[in-house]
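K.L.:
Residue numbers for the sequence shown follow this note's numbering, beginning at 43 and rising by one.
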Amino acid sequence: MIVLGIESTAHTFGVGLVTDEPEVKILANVRDTYVPPKGGMKPGDLARHHAEVAAEVTRTALERAEVSIRNIDSVAVALGPGMGPALRVGAVVARGLALKYGKPLVPVNHGVAHIEIGMFATKSRDPLILYLSGGNTIIATYYEGRYRVFGETLDIALGNMMDAFVREIGLAPPYVRNGMHVIDICAEGGKNLLDLPYVVKGNDMSFSGLLTAALRLKDKVNIHDLCYSVREYAFDMLLEATERALALTGKKEILVVGGVAASVSLRGKLEALAKDRGVELKVVPPEYAGDNGAMIAYTGLLAYKSGQKVDPEKAMVRPRWRIDQVEIGWR
Ligand code: FE2
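#1: For F55 and T100, what's the separation of their Cα atoms in angstroms?
#2: From which residue to which residue does the alpha helix (DSSP H) around I338 run?
#3: Does the Cβ of P127 have 16 or more other Cβ atoms within 10 Å, making it buried, or fewer, making it exposed?
#4: Measure from the alpha carbon of N178 to the alpha carbon of each residue in D246, A89, K67, N234, then state which is nearest.
#5: Which one of G342, K142, K80, C269 has the shortest CA to CA distance from D237?
#6: Determine the direct distance from the alpha carbon of E108 to that of L344, and round the result to whole angstroms.
#7: Is there contact here, the stretch 280 to 290 with the stretch 176 to 196, by at least three beta-carbon pairs under 8 Å?
#8: Name the residue from I227, I159, E369 whose alpha carbon lies nearest to the alpha carbon of Y173.
#9: With C-beta atoms as the reference, is A41 less than 8 Å away from V306?
#10: Any chance you could list the residues with Cβ under 5 Å from a heavy atom of the ligand FE2, keeping chain order?
#11: For I338, collect the residues of the same chain with a Cβ closer than 8 Å to its Cβ; drop the 5 residues on either side in sequence, then sort them by chain order.
#12: Starting from R319, follow the alpha helix (DSSP H) in both directions and report where the run begins and ends.
#13: Can you give me the C-alpha to C-alpha distance between I157 and R188, rounded to a whole angstrom?
#14: Terminal residues of the continuous beta strand (DSSP E) containing P149?
#15: Write down the C-beta distance between E313 and L297 rounded to the nearest angstrom, noting that I regard them as a contact closer than 8 Å.
#16: Once you ignore the five residues that flank G349 on each side, which residues in its own chain have a CB closer than 8 Å to its CB?
#17: Looking only at its own chain, which residues have a Cβ that is under 7 Å from the Cβ of E274, when we skip the five neighbours before and after it?
#18: Among all the DSSP beta bridges, which residues are the ones paired with R219?
#19: Distance, Cα to Cα, R209 vs R219?
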């Protein structure tokens, strides 16, 4: 069986192809990511970008996979969560392909897809999951047919906070240079830990107060100290919530998925935590860390084989679709 997956929830339009014969294999993973000339991402600009690149990305993915669209078995699409205008481009392309070629359409939750591709790529069995991306900071575990959210941010996501911070102090975009987030590059010269808000409530975290307080200090302190402090406070909040979740769930593996998984400095801290608690740390490989079509195709394959599909006319986008609302019929 071959599944084509379409990703368009945020800045990336991606198409992936996955087969399960004779074993599960990613055949292609092509993407085009929108980088705003300055400032944050406007939903309308994302939609325009995705509409412009959709045909080319889809064609290239099929060519790399050496598969004709007629020979695929189903079309999977990320229907949420994400930005409405961006999501709608992927949904329109997927519906169009499903109807034109008579293929079943499989709805995929973007967050669940980040988790599933991480499980697949790292061969995790039953991990404590850290889903860390631009828009999400979630600590989750699988339990009885669903991914349950154990802890999450109460306001903005960790990735979003770091991006907004470096943007507001004039260092970005781009947010990543030479594979490093700009906050890490800026933090290299910092050594003094400044006084900033640290907010962990139960298993949940809050990053918006940290951002506001840091920006208030930006012209009054050494900028390297500020970058260093923001990063240390943010990561330490996440580490505290993670450690508590590990203690409570007794999980033996930590799996990190999502774009922030690529952070070398976070990885170092998590490695120390894992060693301390005698658990294994698994991090999704860089090619599947950020948003991509392969993760949608792979999760679509799992979902389709467990009987999930949707009538193309009823395939509406769901900008606020949470991972714990998804029935996991394949685990
Ligand atoms: Fe994502």
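Ideal placement from N, C-alpha and C gives every residue a C-beta, glycine not left out.
P.N.:
Answer, in terms of the structure:
#1: In this structure, the CA atom of F55 is about 9 Å from the CA atom of T100.
#2: 335 to 347 is the span of the alpha helix (DSSP H), which, as asked, contains I338.
#3: In the assembly as shown, P127 is a buried residue. Its beta-carbon has 16 or more other beta-carbons within 10 Å.
#4: Nearest C-alpha to N178 among D246, A89, K67, N234: D246.
#5: If we check each option's Cα against that of D237, C269 comes out closest.
#6: If I take the Cα positions, the gap works out to 22 Å.
#7: With a cut-off of 8 Å on Cβ pairs, the stretch 280 to 290 is in contact with the stretch 176 to 196, counting three or more such pairs.
#8: The option with the nearest alpha carbon to Y173 is I159.
#9: Limits of the chain in this structure are 43 at one end and 373 at the other, which puts residue 41 out of reach.
#10: The answer, residue by residue, is S175, D333.
#11: A distance below 8 Å between beta-carbons, with the five flanking residues on each side excluded, links I338 to the following residues of its chain, in chain order: G47, I48, E49, G56, G58, A118, V119, A120, V150, H152, A155.
#12: Note, R319: alpha helix (DSSP H), 306 to 319.
#13: Cα to Cα, the separation comes out at about 12 Å.
#14: It spans 147 to 151 - the beta strand (DSSP E) in which P149 sits, taken as one unbroken run.
#15: Taking 8 Å as the upper bound for CB-CB distance, E313 and L297 are not in contact here, some 14 Å apart.
#16: Excluding sequence neighbours, G349 sits near G371.
#17: Answer for E274: L235, listed in chain order.
#18: R219 pairs with M222.
#19: If you take the alpha carbons of R209 and R219, they lie about 14 Å apart.
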